[in-house]
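J.: Structure provided below as structure tokens; questions to follow.
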Amino acid sequence: VQLQASGGGLVQAGGSLRLSCAASVNIFSFNSMSWFRQAPGKQREMVATIQRTGNINYADSAKGRFTISRDNAENTLYLQMNSLKAEDTAVYLCNAVRPYAMGAYWGQGTQVTVSS
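The sequence shown begins at 49 in our numbering and counts up by one.
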């Protein structure tokens, strides 16, 4: 299984980016899919999660600015990021949790850099 993240880049504060995570399998087979991020010197943190049921959770830092969504037909997870701040600068990684406690898959990450 491969998770291919894309869409990162350099953007000014206040700008927007849309991240994509294309899976090589049917994403509906996963219990959940998430976006995480990791900034230099900091721990990896969850940004947003969408369950198979459609339930969504956001980190407090993402609420009101980021939107997670998925396209089951395209087997792709998205993260729309608006009103970006310098503190959003990080490598963003997609994650997919397998059912029956079989573990998870990680994508390779895409760099987001927000200039202030």
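All residues carry an ideal CB built from backbone N, CA and C; glycine is no exception.
1) Beta-carbon separation of Ala-61 and Thr-158 under 7 Å?
2) On a Cα-Cα basis, can you pick out the residue from Trp-154, Leu-132, Thr-101 that is closest to Thr-161?
3) Short of 8 Å in beta carbon distance, which residues of its chain neighbour Pro-147, apart from the five on each side in sequence? Order them along the chain.
4) For the candidate residues Asp-136, Ala-149, Thr-101, Ser-163, whose alpha-carbon lies nearest to that of Gln-86?
5) Under the rule that 16 or more other beta-carbon atoms within 10 Å means buried, what is Ser-64, buried or exposed?
6) Please name the residue, chosen from Ala-144, Gly-151, Gln-156, Ala-149, that lies closest to Thr-74 on a Cα-to-Cα basis.
7) Ordered along the chain, which non-local residues of its own chain (more than five positions away) have a Cβ less than 6 Å from that of Leu-58?
8) Quick check: what's the CA-CA separation for Trp-154 versus Lys-111?
9) My parser needs the alpha helix (DSSP H) runs of 4 or more residues fully inside the region 65-144; what are they?
T.: Per the coordinate set shown:
1) One-based indexing of the sequence shown puts residue 61 at position 13. One-based indexing of the sequence shown puts residue 158 at position 110. Taking 7 Å as the Cβ cut-off, Ala-61 and Thr-158 do not qualify as a contacting pair.
2) The residue labelled residue 161 in the question sits at position 113 within the sequence shown. Ranking the options by Cα distance to Thr-161, first place goes to Leu-132.
3) For this step, residue 147 is matched to residue 99 along the sequence shown. Around Pro-147: Ser-77, Phe-78, Asn-79.
4) Residue 86 sits at position 38 when you count from the first residue of the sequence shown. For Gln-86, the nearest C-alpha among the options comes from Asp-136.
5) Along the sequence shown, one-based indexing puts residue 64 at 16. Classification of Ser-64: exposed, given that the 10 Å Cβ count is below 16.
6) The residue you call residue 74 lines up with position 26 of the sequence shown. As written in the sequence, residue 74 is Asn, which differs from the Thr given in the question. Taking only the C-alpha atoms, the option nearest Asn-74 is Ala-144.
7) Numbered from its first residue, the sequence shown carries residue 58 at position 10. The answer, listed in chain order, is Thr-161.
8) In the sequence shown, the residue the question calls residue 154 occupies position 106. In the sequence shown, the residue the question calls residue 111 occupies position 63. So the alpha carbons of these two residues sit roughly 23 Å apart.
9) Whole alpha helix (DSSP H) segments, 4+ residues: zero.
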